[in-house]
Amino acid sequence: MAVGILLVGGFGTRLMPLTKNTPKPMLTVAGLPVTEHQLAMAKAAGITTVVLATSYLSEVFIPYFGDGSKWGMKLLYAVEKEPLGTGGAIGNAAKLLTGDESIVVFNGDVLSSHNLKQQIQEHEENNADVTLHLTAVEDARAYGCVPTDSDGRVTAFLEKMDNPITNTINAGCYVFKSSIVNSIPKDTVVSVERQTFPELVARHGRVFGFIDDSYWLDIGTPKALLKGSVDLVSGVAKALALTPELIASHSPQRLIMKGAQVDPTARIDGGSCISHGAHVQAGALIDGCIVEAGARIGQGAAIKNSFIAAGAHVQNFAQISSSFVTNSEIIHIPQ
Ligand code: GDD
Ligand code: MG
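Here the sequence shown is numbered in the numbering used here, starting from 28 and rising by one per residue.
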């Protein structure tokens, strides 16, 4: 059985100020941290041992996920004192894994409904060194461009090009042969996208693409974060982590988690989610929003397409749209 490494150590710069105290993968989408949605996806594919490769704000993960037993998983934590880049993080995390099973690496900011079980199976059938999940996007400039040949072999790995040669991109989920992971230099900064993959392709390693165009989204920008949550609530994306015991009520328009307090005269709409411990007062109108645990929305407030962070208080009758609201600031999201 394969084991997993989740890359959760990035700075999440594009999501400031939400990521000042919360690492990007711990931000809420559809009532739960992004990481929890990813772990449910890994588990559904049969992966039960996962190392969280942490760096920035590493201390936030352990109190929430613990040893993973609550999810029927075994979770381990690798901490980089200074960020080691994606490759260095994988090498560092792999020190906690001893077997020779395939290692599945996930970028920690991706929501994906692709068939991971089949990706692992094809990897093993091809006796591949690495098998990359690939997907098609309209504008490939912000991603790794990955052309393949007619046998599905990767012919180049071109990270963030100005003039992309293909719109097939690296979707940030890799199955590695364990010996390839073990060959990544230890305790030094390495990028898999700029070093490991291009080098492996150049020396004719067995690098395959697994093309699957199911729902896929990198939640690393403000608009994408909100979209990801709405997609999970509305059912456009698979929400495997949303088990019935966590939910008070759920429809494509809204998700209310157990332990949220929502006044019956409040209107929640547009795929909004209200997390455990949040409090929405009378007459509030919430449309296309993420309301994190412990946030408080005053009576008559009208909020649209916004992220209300844990502990933030929205004043009575406030009018807020396209904003990030924390306990100390309100930042308008650039359109
Ligand atoms: N532990 C650790 N240490 N994690 C890291 C580090 C590090 O030094 N640097 C980045 N990460 C994690 C981030 O937390 C994130 O989950 C993941 O690695 C990818 O980093 P991003 O900063 O989100 O990269 P990106 O979105 O610009 O590009 C990556 O993802 C695209 C798909 O969304 C690349 O892998 C692209 O090739 C890819 O197309
Ligand atoms: Mg990203």
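Just so you know, even glycine gets a beta-carbon here, dropped at the ideal spot from N, CA and C.
Residue i - containing alpha helix (DSSP H), residue span
i, result
"Gly118", "112-121"
"His64", "61-71"
"Phe88", "88-92"
"Lys254", "249-261"
Candidates the options: closest to residue i by CA position
i, options, result
"His64", "Asn48, Thr215, Val157, Leu244", "Leu244"
"Phe38", "Gly73, Ser82, Ala29, Met68", "Ser82"
"Ala305", "Arg41, Leu45, Val318, Arg294", "Val318"
"Val61", "Ile74, Ala229, Tyr91", "Tyr91"
"Ser333", "Ala293, Gln326, Leu253, Arg294", "Leu253"
"His150", "Thr182, Thr125, Gly236", "Gly236"
"Gly135", "Leu33, Gln288, Ala328, Ser302", "Leu33"
"Ala198", "Gln326, Lys187, Leu45", "Lys187"
"Gln145", "Ala72, Glu128, Lys213, Asp214", "Ala72"
"Gly312", "Gln148, Glu226, Ser218, Ala328", "Residue 312 is actually Leu in this sequence, not Gly. The shortest Cα separation from Leu312 among Gln148, Glu226, Ser218, Ala328 belongs to Ala328."
"Met100", "Asp166, Val77, Met68, Arg41", "Val77"
"Asp178", "Leu54, Ala155, Gly118", "Ala155"
"Leu227", "Thr215, Asp239, Asp240, Ser210", "Ser210"
"Pro361", "Gln222, Leu42, Ala80, Ser205", "Leu42"
"Leu138", "Thr55, Thr40, Glu272", "Thr55"
"Val157", "Ser206, Ala121, Asp166, Pro110", "Ser206"
"Thr40", "Ile246, Gln222, Ala229", "Ile246"
Own chain residues within Cβ distance below 6 Å of residue i, not counting five before or after
i, result
"Asp296", "Gln280, Asp314"
"Ser276", "Ile283"
"Val260", "Ala57, Leu282, Gly298, Cys300"
"Arg323", "His306, His340"
"Val132", "Ile32, Ile117, Tyr201"
Nearest-angstrom beta carbon gap, residue j and residue i [assumed within contact, 8 Å]
i, j, result
"Phe88", "Val35", "7 Å"
"Thr195", "Leu161", "5 Å"
"Ile358", "Ile330", "About 14 Å separates the two Cβ atoms, so there is no contact after all."
"Cys172", "Leu185", "4 Å"
"Lys285", "Ile274", "6 Å"
"Leu124", "Ile117", "At roughly 10 Å, the Cβ-Cβ gap does not stay under 8 Å, so Leu124 and Ile117 are not in contact."
"Val263", "Tyr242", "6 Å"
"Pro191", "Thr182", "Not a contact, Cβ separation roughly 14 Å."
"Gly112", "Val216", "5 Å"
"Thr353", "Pro44", "6 Å"
"Gly114", "Val30", "Actually they are not in contact, since the Cβ atoms of Gly114 and Val30 sit about 18 Å apart, beyond 8 Å."
Limits of the beta strand (DSSP E) - the one that residue i falls within
i, result
"His141", "Here His141 belongs to no beta strand (DSSP E), and DSSP marks it neither H nor E."
"Thr158", "157-163"
"Val77", "76-81"
"Gly31", "30-34"
"Ala134", "Ala is not the amino acid found at residue 134; the sequence shown has Asn there. First-last of the beta strand (DSSP E) with Asn134: 130-134."
"Phe351", "350-352"
"Ala287", "Element bounds for Ala287: n/a, residue is neither H nor E."
"Tyr104", "101-106"
"Ile274", "274-278"
"Cys300", "299-301"
"Asp127", "Careful: Asp127 lies outside any beta strand (DSSP E) and carries neither H nor E."
"Leu312", "312-314"
"Arg41", "That residue, Arg41, is in no beta strand (DSSP E); it is neither H nor E in DSSP."
"Ile357", "357-359"
8 Å Cβ shell around residue i - same chain, five flanking residues per side excluded
i, result
"Gln326", "Asp290, Gln308, Ala309, Gly310, Ala311, Asn343, Phe344"
Cβ shell of residue i (< 7 Å), same chain only, five flanking positions each side left out
i, result
"Gly321", "Gly304, Ala305, Ala337, Gly338"
"Ser140", "Ser241, Tyr242, Ala264, Lys265"
Unbroken stretches of the beta strand (DSSP E), 3 residues or longer, contained in the region 179-246: If only uninterrupted beta strand (DSSP E) runs of at least 3 residues are considered, those enclosed by the region 179-246 are 195-203, 234-238, 243-245.
Which ranges would you report for the beta strand (DSSP E) in the region 318-354 if only whole runs of at least 3 residues count? Within the region 318-354, the complete beta strand (DSSP E) runs of at least 3 residues are 329-331, 346-348, 350-352.
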